[in-house]
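Here is the structure we will look at.
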Amino acid sequence: MALTLTARPLANEKFGSGLTLAIVLHVVLAVGILTAAFVNPFNIDRWGGHESTEGAIQASIVDSLPLPPKAPPVDKAVLVQPDVTPAPAPPPKEATVAPPKETDVLIKGKTAPKTVKVEAPAPPKHPQPTPATTKAATGEAATQIPQSIAKNSVGQAALTVQDHVFGQRYAYYFDAVQRTINQNWFGREADPRTSMGKSVKLIFDINHDGTPSNIRVETSSGSPSLDLSAVHALQRVDTFGPLPSGNKQTVEDTFTYRPQ
Amino acid sequence: MRSLHLLPGLQRLAALICVAVCALTATAQDPFPQLHQDLNNSRIRIAAADFKASGSDPTTPAQKHTFDTVLFSDLQNAGIFDLVSKSMQPSASPGYPAEINLAQWSAPPASASMVAFGNFVVQGGRVIVNGFLDDAKNSQFPQVFAKQYNEVAGEDSARQIAHRFADEIIFRLGGGINGIAESKIYYIKLGGPNDKEIWEMDYDGANQHPITHLGTISMSPRVSPDNSRLAFSALDMSAGFTVKMYSLLLGRMVTFSGGSNSGAPAWTSDGNQIAFSSSRSGHPEIWVADTEGRIAHQVTNFGSDTSPTWNPKTNAQIAFISGRSKLPQLYIMESDGSGVQRMTDGGYASSPSWSPNGQFLAFAWDRKYGPGAPGGQDIYVMEVASKRWIQLTHDEGRCDFPTWSPDGRHIAYASSAGGRAANSKIMTMLVDGTQKHALTSAGADMPNWSWK
Numbered sequence: 448m449a450l451t452l453t454a455r456p457l458a459n460e461k462f463g464s465g466l467t468l469a470i471v472l473h474v475v476l477a478v479g480i481l482t483a484a485f486v487n488p489f490n491i492d493r494w495g496g497h498e499s500t501e502g503a504i505q506a507s508i509v510d511s512l513p514l515p516p517k518a519p520p521v522d523k524a525v526l527v528q529p530d531v532t533p534a535p536a537p538p539p540k541e542a543t544v545a546p547p548k549e550t551d552v553l554i555k556g557k558t559a560p561k562t563v564k565v566e567a568p569a570p571p572k573h574p575q576p577t578p579a580t581t582k583a584a585t586g587e588a589a590t591q592i593p594q595s596i597a598k599n600s601v602g603q604a605a606l607t608v609q610d611h612v613f614g615q616r617y618a619y620y621f622d623a624v625q626r627t628i629n630q631n632w633f634g635r636e637a638d639p640r641t642s643m644g645k646s647v648k649l650i651f652d653i654n655h656d657g658t659p660s661n662i663r664v665e666t667s668s669g670s671p672s673l674d675l676s677a678v679h680a681l682q683r684v685d686t687f688g689p690l691p692s693g694n695k696q697t698v699e700d701t702f703t704y705r706p707q
Numbered sequence: 004m005r006s007l008h009l010l011p012g013l014q015r016l017a018a019l020i021c022v023a024v025c026a027l028t029a030t031a032q033d034p035f036p037q038l039h040q041d042l043n044n045s046r047i048r049i050a051a052a053d054f055k056a057s058g059s060d061p062t063t064p065a066q067k068h069t070f071d072t073v074l075f076s077d078l079q080n081a082g083i084f085d086l087v088s089k090s091m092q093p094s095a096s097p098g099y100p101a102e103i104n105l106a107q108w109s110a111p112p113a114s115a116s117m118v119a120f121g122n123f124v125v126q127g128g129r130v131i132v133n134g135f136l137d138d139a140k141n142s143q144f145p146q147v148f149a150k151q152y153n154e155v156a157g158e159d160s161a162r163q164i165a166h167r168f169a170d171e172i173i174f175r176l177g178g179g180i181n182g183i184a185e186s187k188i189y190y191i192k193l194g195g196p197n198d199k200e201i202w203e204m205d206y207d208g209a210n211q212h213p214i215t216h217l218g219t220i221s222m223s224p225r226v227s228p229d230n231s232r233l234a235f236s237a238l239d240m241s242a243g244f245t246v247k248m249y250s251l252l253l254g255r256m257v258t259f260s261g262g263s264n265s266g267a268p269a270w271t272s273d274g275n276q277i278a279f280s281s282s283r284s285g286h287p288e289i290w291v292a293d294t295e296g297r298i299a300h301q302v303t304n305f306g307s308d309t310s311p312t313w314n315p316k317t318n319a320q321i322a323f324i325s326g327r328s329k330l331p332q333l334y335i336m337e338s339d340g341s342g343v344q345r346m347t348d349g350g351y352a353s354s355p356s357w358s359p360n361g362q363f364l365a366f367a368w369d370r371k372y373g374p375g376a377p378g379g380q381d382i383y384v385m386e387v388a389s390k391r392w393i394q395l396t397h398d399e400g401r402c403d404f405p406t407w408s409p410d411g412r413h414i415a416y417a418s419s420a421g422g423r424a425a426n427s428k429i430m431t432m433l434v435d436g437t438q439k440h441a442l443t444s445a446g447a448d449m450p451n452w453s454w455k
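Sequence lines, in order, name chains A and L.
To get our numbering, take the position in the first sequence, counting from 1, and add 447.
To get our numbering, take the position in the second sequence, counting from 1, and add 3.
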C-alpha cells in the first residue's frame, strides 16, 4: 500500500490554485500588519511617548534635570495694530422695579404692630480665666532650627536636640558633641560619585556617661556609602563626655555631603 | 516633537559624564597621606581672664601670677582652643558671674565664645580659688560650670589648681577626653658617661626632679597605667641590661625577674602584663610576662625582635621592631604571635608607640638609610588600618622615642641637634606636627608620657 502511494506521480496533483491562494493571503497579511503598525488603529499607549498621558519614566527624567523655567507668554504683541476695532460696550442694565413691600400699601384698620425695643441687660463683668493654650500661636509648621552646624572637609553636619530646652541650656555640650562627630567623619568613606548636597539624618541617644547608642538612620540620603560613613563616624566615638544632666538625651544629626 | 524629547536624555548623559570626570579628577588630586586631625578649623575661641585677687596676704600677687600664667599655657597647649590674647581682653577682671559683662567679651576684638574667670584668695595659709566658665554666646544660660579649689598656699598649689581648672575646662569642652595638665613625663637624664638616671617632670616641663639614684645606665622608662610603678632596663655588671621595676609608691626597687639581656618593657593598658625583649633563648625575642616577670612566654621566634608596644585600646595586638629582613622594620602581630604584618616598606624604623585610641602608630624612621642618603631620622605617624603615614618632624636633627599623651592629641619625643646624644632634649608637639616646643634643655632622652 505504502509503495503505491510513493510511486504515484506528483504531476497529477493540482498545486497551481492552492499555491496562488497561499501567496496572496501571506502578502495581504504582511501588508495588513505593516499598515496596522503605521496607522495604529487601536491607539495603544507607548511608554515614553509624547502623548498627554505620558508614563512615569519620562516625567522623572525631565524633573531630575535643572531645566530652565518655561518662557513666559509674550504679552506685548508688536504685530498687532494699535487701533483695533473696540469691543462694543455692554448693553445698559435695565432698570428693574422692586416688588412692593408689605408696608407700602396701607390697609385701613390694620396698623403695624408697635415694637418696643428692650435693651438686653449687659452681662456681669467678671474676669474670665483664659484657658491655658497647649499650642503656640505660631510655629505649627515651622521646622526646628538646628542646635549647631559645623563644617569639615566632607561637608556639614547639623545637630538638632529633641529636647529643645535642654539643648539651649547646655548649648556648649552639643557644640562639643558636634565637634567630636565632625572629627570622626571621614569623607573618603563616602562614594565620590555621591551628589553634592545629599544629606542623611541620623538619630541616636547619648547615655548618662556620654556614650552614643541606638544609632539609626532616620532619613537615608540615597547613597548607602554616605549613610554608612555617617554611622561609622558615630561608631568611632567612644564618649562625648558625661551628660551635664539627665540620664539620656536623644539627638538628631544631619550630615550634608559637601566636599571641598 | 520626538527630537525635542531626546534633548533631556542627552543632557542627562552629559551631566553623568561630567560628574564621573569630576569624581575621577577629585580622587586623583587627593594628597596621598591624609589623616583627619582637623583640629585647626574647629577650635573654640576661649578667653582666660586674669583672676581677681582679694585678701591682703603679701604672697598673693606672685601666686596669682603663677596661676594665671599656667592656666593660659595649659589651655594653649591643649590644642583644641583658639586662645584670646591677653592684650585683646577687656581690661576689667571679673571675679564673680555677677560682675562679668559677657557682651563685652563676645564682641571684637576679644570675640570669645567661652570665658574662664574667677577670683583668687590667699587666706590663713590656704589658697582658695573660685573658677567659672561661661558660654559668652548663650545669653540665657551662660554658666557652664563653677568650681572651688582649696589648697595649702604656695606656688606649687597655685600651679596644681591651674592644672585642675584647665583640665576641667578641657574635659567639658573637648568632647569627653580628659585633659593632660596633670600628667607626667618620665625621661632619662644624662648625668655622665656611666650615669643615666630616671627623672620626672610635669607635662609642661616644670618641676623636673630625679626618681632613681642607681648610679648606672638606665634606659626606656615605662610607667604603669596606674602611675604606681616604673619598668625600665638598667645595666647590671653581671647580667648586662635587665628589666627592673621601681615602685613610685614605696620609693624603692621591687622585684622583676626579666632575666639577663632583657630590655624595652611595655605595659598593657590594664596593667596586668608586660611585654619585653629578652635574649634568654639565644637571640632577642619578644616575651610576655606578668608584672613580676613570672609566667613568661615567648611570642616571636624569628631573630632580633625588640621594642614591643601594645595596642592600648584592645591589648590584643603588639607592634614591634624586627630585623628579620636585614634593616629593622616596623611590624604588628596579634598578642599570641600570629598574624604578623610588616608596616614599613624600607629604611630604618625604631621605637614604636601606639596611640591611646588604637588608630595610629608613632615611630622614628630613617626612610633613606645608608651612607650619603638624604634625610635623617624623623618622627612619623601611621594609620594602622590603612598603612598611610605622615612625617611630623623635619630638619631638626635626629628625632627618636615618640610617646603619646593620654589624650592622643600630643606626642613628646627626643630630638638631638647634629645627632649628638649629649644634645638630646625632650620636645612636644601636637599630633599634626604643629606647636613644637622644647620641654627640657640638652641632656634629656627617652621620654615616656604617663597614662593619666
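Ideal Cβ placement from N, Cα and C applies to all residues, glycine included.
For clarity, every value in this text was computed on a predicted model and none was experimentally measured.
Hey, how far is the Cα of residue i from the Cα of residue j?
{"i": "E102 of chain L", "j": "Y334 of chain L", "result": "58 Å"}
{"i": "A425 of chain L", "j": "A445 of chain L", "result": "7 Å"}
{"i": "S408 of chain L", "j": "E665 of chain A", "result": "37 Å"}
{"i": "S341 of chain L", "j": "T701 of chain A", "result": "42 Å"}
{"i": "D674 of chain A", "j": "R167 of chain L", "result": "40 Å"}
{"i": "V565 of chain A", "j": "A542 of chain A", "result": "40 Å"}
{"i": "K645 of chain A", "j": "K316 of chain L", "result": "34 Å"}
{"i": "P36 of chain L", "j": "P377 of chain L", "result": "At P36 of chain L, the pLDDT of 25 sits below 50, so the modelled position is not reliable and the matter cannot be decided from this model."}
{"i": "A299 of chain L", "j": "D293 of chain L", "result": "7 Å"}
{"i": "R401 of chain L", "j": "Q394 of chain L", "result": "13 Å"}
{"i": "N631 of chain A", "j": "R683 of chain A", "result": "6 Å"}
{"i": "M385 of chain L", "j": "M346 of chain L", "result": "9 Å"}
{"i": "Y99 of chain L", "j": "Q151 of chain L", "result": "12 Å"}
{"i": "S76 of chain L", "j": "A352 of chain L", "result": "34 Å"}
If you compare alpha carbons, which of the options is closest to residue i?
{"i": "P196 of chain L", "options": "L:M432, L:G218, L:H212 and L:A184", "result": "L:G218"}
{"i": "S1 of chain L", "options": "L:W452, L:G436 and L:Y416", "result": "An answer regarding residue 1 of chain L cannot be provided, because it is not within the stretch 4 to 455 covered by chain L."}
{"i": "A656 of chain A", "options": "A:F633, A:P691, A:L681 and A:Q682", "result": "Looking at the sequence provided, one finds Asp at residue 656 of chain A rather than Ala. Checked all of A:F633, A:P691, A:L681 and A:Q682; the closest Cα to D656 of chain A is A:P691."}
{"i": "A3 of chain L", "options": "L:G375, L:F323 and L:S186", "result": "Examination of residue 3 of chain L is not possible in this model, given that chain L is present from 4 through 455 alone."}
{"i": "R225 of chain L", "options": "L:E203, L:K329 and L:M385", "result": "L:E203"}
{"i": "I321 of chain L", "options": "L:G306, L:G296 and L:P268", "result": "L:P268"}
{"i": "S668 of chain A", "options": "A:P538, A:R616 and A:A677", "result": "A:A677"}
{"i": "I214 of chain L", "options": "L:D207, L:F174, L:R232 and L:K140", "result": "L:R232"}
{"i": "S282 of chain L", "options": "L:D369, L:T245 and L:Q394", "result": "L:T245"}
{"i": "K455 of chain L", "options": "L:D293, L:W368, L:N181 and L:S241", "result": "L:N181"}
{"i": "A234 of chain L", "options": "L:A156, L:L193, L:Q276 and L:G194", "result": "L:Q276"}
{"i": "K199 of chain L", "options": "L:Q126, L:Y190, L:I131 and L:D205", "result": "L:Y190"}
{"i": "P111 of chain L", "options": "L:K140, L:K192 and L:R129", "result": "L:K140"}
Tell me, please, whether the CB atom of residue i is closer than 8 Å to any CB atom in chain A?
{"i": "Q143 of chain L", "result": "yes"}
{"i": "D273 of chain L", "result": "no"}
If residue i and residue j are in contact, beta carbons under 8 Å, what's the gap, nearest whole angstrom?
{"i": "G82 of chain L", "j": "L433 of chain L", "result": "5 Å"}
{"i": "N451 of chain L", "j": "T406 of chain L", "result": "5 Å"}
{"i": "G411 of chain L", "j": "P355 of chain L", "result": "15 Å between Cβ atoms; not a contact."}
{"i": "A119 of chain L", "j": "A52 of chain L", "result": "7 Å"}
{"i": "A184 of chain L", "j": "A169 of chain L", "result": "5 Å"}
{"i": "E288 of chain L", "j": "N314 of chain L", "result": "Not really, about 20 Å apart at Cβ, beyond 8 Å."}
{"i": "I47 of chain L", "j": "M91 of chain L", "result": "Not confirmed; about 16 Å, so no contact."}
Does the beta carbon of residue i come closer than 8 Å to any beta carbon on chain L?
{"i": "R705 of chain A", "result": "no"}
{"i": "A623 of chain A", "result": "yes"}
{"i": "Q615 of chain A", "result": "yes"}
{"i": "G644 of chain A", "result": "no"}
{"i": "R663 of chain A", "result": "no"}
{"i": "G669 of chain A", "result": "no"}
{"i": "G688 of chain A", "result": "yes"}
{"i": "G693 of chain A", "result": "no"}
{"i": "T701 of chain A", "result": "no"}
{"i": "A618 of chain A", "result": "yes"}
{"i": "T666 of chain A", "result": "no"}
{"i": "T543 of chain A", "result": "no"}
{"i": "T532 of chain A", "result": "no"}
Should residue i be counted as a contact of the ligand NAP given a C-beta to heavy atom distance under 7 Å?
{"i": "M117 of chain L", "result": "The ligand content of the structure shown is nil, which means the ligand NAP is not present either."}
Between the stretch 162–187 of chain L and chain A, which residues of the former have CB atoms less than 9 Å from a CB of the latter, in chain order? Flagged, chain order: F174, R175, L176, G177, G178, G179 and I180.
Chain-ordered residues of the stretch 118–151 of chain L with a beta carbon less than 8 Å from chain A: D138, K140, N141, Q143, F144 and V147
Near-chain L residues of the stretch 462–487 of chain A (beta-carbon distance less than 7 Å), N- to C-terminal order: none
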